[in-house]
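Trainee: Under the numbering used here, residues 25 to 357 are what the sequence shown spells out, in order.
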Amino acid sequence: MQALVAVPLLIGVAWLLAERRRPFPGRVILGGLALQFSLGLLFLRAPIVREAFSLFSRAFVKVLDFSQEGALFLFGNLVHPQYRQTFGFIFVLQVLPTIVFFAALTAALYHLGLLQRIVVAFGWVMRRTLGTSGPESLCAASNVFLGQTEAPLLIRPFLPHVSRSELLAIMVAGMATLAGGVLAAYIGFLGKDDPALRQTFALHLMTASVMNAPAALVFAKLLSPEADPQQAQRPLTLPPLPRATNLLEALANGASDGLRLAANVAAMLLAFIASIALVNYLLGKLGHLLQLNEWIAATSQGLYKSLSLQWILGQVFRPLAWLIGVDWNETLA
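1) By the 10 Å Cβ neighbour count, where 16 or more other Cβ atoms means buried, how is F90 classified, buried or exposed?
2) Within 10 Å of its beta-carbon, does R151 have 16 or more other beta-carbons around it, so buried, or fewer, so exposed?
3) Whose CA, out of V144, Q325 and S62, lies closest to the CA of F169?
4) Could you check whether the segment 310-330 touches the segment 290-300, counting it as contact only if at least three pairs of C-beta atoms, one from each stretch, sit closer than 8 Å?
5) Out of V303, A251 and V350, which has the shortest C-alpha to C-alpha gap to P47?
6) What's the C-alpha gap between P331 and S299?
7) Just the C-alpha distance for V119 and F80, rounded to the nearest angstrom, thanks.
8) May I ask you to report which of helix, strand or coil DSSP gives Y305?
9) Would you tell me roughly how many angstroms separate the C-alpha atoms of R342 and Q26, rounded to the nearest one?
10) Where do the N-terminal and C-terminal ends of the alpha helix (DSSP H) with A131 fall, by residue?
11) Quick one: any contact between the segment 236-244 and the segment 184-197, if contact means 3 or more CB pairs under 8 Å?
12) Within its chain, find whatever has a CB closer than 8 Å to the CB of S187; leave out the 5 residues flanking it on each side and keep chain order.
13) Quick one: residues in its chain with C-beta nearer than 6 Å to the C-beta of G338, no 5 flanking neighbours on either side, listed in chain order?
14) If distances are taken between C-alpha atoms only, which option among E160, G137 and L138 comes closest to W148?
15) If L102 sits next to I114, beta carbons under 8 Å apart, how far is it from one beta carbon to the other, in whole angstroms?
16) What are the boundary residues of the alpha helix (DSSP H) that S233 is part of?
17) Would you mind reading off the limits of the alpha helix (DSSP H) that contains L79?
18) How is S332 classed by DSSP in three states: helix, strand or coil?
19) To the nearest angstrom, how far is the alpha carbon of W352 from that of W346?
20) Would a C-beta distance cut-off of 7 Å place T122 and A209 closer than the cut-off?
21) Just mark K245 as buried or exposed, buried being the case when its beta carbon has 16 or more other beta carbons within 10 Å.
22) Given this structure, state the Cα-to-Cα distance separating Q92 from N317, to the nearest angstrom.
23) Go ahead and pull the three-state DSSP assignment for G155.
24) For A203 and Q172, which I take to be in contact (beta-carbon distance under 8 Å), what is that distance rounded to the nearest angstrom?
25) If contacts are defined as beta-carbon pairs under 8 Å, then F146 and A165 qualify, I think. What distance do you get, rounded to the angstrom?
26) Could you say which of P71, E43, L271 and I211 lies nearest to L138 if we only look at CA atoms?
27) Kindly list the residues whose CB is nearer than 7 Å to the CB of V73, restricted to its own chain and excluding five residues on each side of it in sequence; keep chain order.
28) Give me the residue from T156, F61, D217 and I35 with the minimum Cα distance to Y107.
29) Let me make sure I understand the geometry here. Which of L344, D281, G36 and A200 has the alpha-carbon closest to that of S233?
30) Considering only C-alpha positions, which residue in the set G308, I348 and A175 is nearest to Q401?
Structure below.
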């Protein structure tokens, strides 16, 4: 029932916020919703597809375990599961190495030509169902497997010529999906050392990432409809990009790119968590002066002790969280 209300409501809000309300992208909306519904139905109801995707998620988690071998060599007992109770969970040592490994693995798969075939196939499906252009369909498809930085590189020759609508679609697709390295980091962070839990998170996150690709194009086209119909007629071709001379060079280049990404993730987490702590400190003092802290602690059943950024944003986005299927009692968390 929530979904029946949420889908038209969210589409309506996006349309009201659109920079142009004409032409209305009816084909993109219907095609995107149909593709998303079909993917969800296949993943949840088709036993063969569900088992295949479950097998793929188990393989993904198994590959994730291999990154721990490299981390063990570098950091020793600091990341050894046997000493987890002693040292605790060290994010920078136990999660970020997976980003480096998956970046190298992705580069190797691209060098071998395997990744391109998957990307082109998924991009072809989205273009046929949504009617989007070749470059934006390819980029949205590649965002499922590559990072937000790497995916646009697949269409680099087209970038100087993309329209404003296509540029927004490329950016939204990057924000809506989870790439291999970041996906691996989330699985490692959420699942810790529990294989069953890691497989569960892998299955759910991978399913969401695949389904979010067409949804991203739907909302991008709602916010910025394509003004020139000829843009959508551009071919679905993967332009030639510079490739490594051999597999080892591809692995090395991927590892270097992954190291930069991991360093950026660590730096951003440090800066933003510290900034949020500063804001929460000031808000907590304000809540004390206004005598709001006791009321917040009581109404949130102790989930929040004082006025904070998390509490404010939780209140603002509670209706949205409920609309997308979260139980109302859990929306504040």
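Ideal Cβ positions, reconstructed from N, Cα and C, are used throughout, including at glycine.
Mentor: Per the coordinate set shown:
1) Walking along the sequence shown from the start, residue 90 turns up at place 66. Exposed, by the Cβ-count rule.
2) One-based indexing of the sequence shown puts residue 151 at position 127. R151 comes out buried.
3) Taking the sequence shown and counting its residues from 1, one reaches residue 169 at position 145. Nearest of V144, Q325 and S62 to F169, Cα basis: V144.
4) no
5) Taking the first residue of the sequence shown as position 1, residue 47 is located at position 23. The residue with the shortest Cα to Cα distance from P47 is A251.
6) Locating residue 331 in the sequence shown gives position 307, where the first residue counts as 1. Locating residue 299 in the sequence shown gives position 275, where the first residue counts as 1. According to the sequence displayed, residue 331 carries Leu and not Pro. About 16 Å.
7) Working through the sequence shown from its first residue, we reach residue 119 at position 95. Working through the sequence shown from its first residue, we reach residue 80 at position 56. Their Cα atoms are separated by approximately 21 Å.
8) The residue you call residue 305 lines up with position 281 of the sequence shown. DSSP places Y305 in helix when its eight states are reduced to three.
9) Here residue 342 refers to the residue found at position 318 of the sequence shown. Here residue 26 refers to the residue found at position 2 of the sequence shown. About 13 Å.
10) Position 107 of the sequence shown, counted from the start, is the residue given in the question as residue 131. A131 -> alpha helix (DSSP H) spans L120 to L136.
11) These segments touch.
12) Within the sequence shown, numbered from 1, the residue matching residue 187 stands at position 163. Closer than 8 Å at Cβ, skipping near neighbours: E250, A251, D252 and Q255.
13) Position 314 of the sequence shown, counted from the first residue, corresponds to residue 338. So the list reads L356, once near-sequence residues are dropped.
14) As a working note, residue 148 is residue 124 in the sequence shown. That would be E160, whose Cα lies nearest to the Cα of W148.
15) Position 78 of the sequence shown, counted from the first residue, corresponds to residue 102. Position 90 of the sequence shown, counted from the first residue, corresponds to residue 114. Yes, L102 and I114 are in contact; Cβ-Cβ is about 6 Å, under 8 Å.
16) Here the question's residue 233 lines up with position 209 in the sequence shown. DSSP places S233 inside the alpha helix (DSSP H), whose first and last residues are P219 to L247.
17) One-based indexing of the sequence shown puts residue 79 at position 55. It spans P71 to F99 - the alpha helix (DSSP H) in which L79 sits, taken as one unbroken run.
18) For this step, residue 332 is matched to residue 308 along the sequence shown. Here DSSP, grouped into helix, strand and coil, assigns S332 to coil.
19) Working through the sequence shown from its first residue, we reach residue 352 at position 328. Working through the sequence shown from its first residue, we reach residue 346 at position 322. Roughly 6 Å between the two C-alpha positions.
20) Translated into the one-based positions of the sequence shown, residue 122 becomes position 98. Translated into the one-based positions of the sequence shown, residue 209 becomes position 185. Cβ distance < 7 Å, so T122 and A209 count as in contact.
21) Position 221 of the sequence shown, counted from the start, is the residue given in the question as residue 245. Result: buried.
22) In the sequence shown, the residue the question calls residue 92 occupies position 68. In the sequence shown, the residue the question calls residue 317 occupies position 293. Cα-Cα distance, rounded: 43 Å.
23) For the purposes of this step, residue 155 is taken as the residue at position 131 of the sequence shown. Coil at G155, not helix or strand.
24) Reading the sequence shown from its first residue, position 179 is the one you call residue 203. Reading the sequence shown from its first residue, position 148 is the one you call residue 172. Confirmed, Cβ separation roughly 7 Å.
25) Sequence index remark: in the sequence shown, residue 146 carries index 122 (1-based). Sequence index remark: in the sequence shown, residue 165 carries index 141 (1-based). That belief holds up - the Cβ atoms of F146 and A165 are roughly 4 Å apart, short of 8 Å.
26) By one-based count along the sequence shown, residue 138 stands at place 114. When only C-alpha atoms are compared, the closest one is L271.
27) Here residue 73 corresponds to residue number 49 of the sequence shown, with the count starting at 1. Result list for V73: L66 and F67, in chain order.
28) Reading the sequence shown from its first residue, position 83 is the one you call residue 107. Of the candidates T156, F61, D217 and I35, the residue whose Cα lies closest to the Cα of Y107 is D217.
29) Mapped onto the sequence shown, residue 233 falls at position 209. The shortest C-alpha to C-alpha distance from S233 to any of L344, D281, G36 and A200 is the one to A200.
30) The shown model of the chain, from 25 to 357, leaves out residue 401, and the question about it has no answer.
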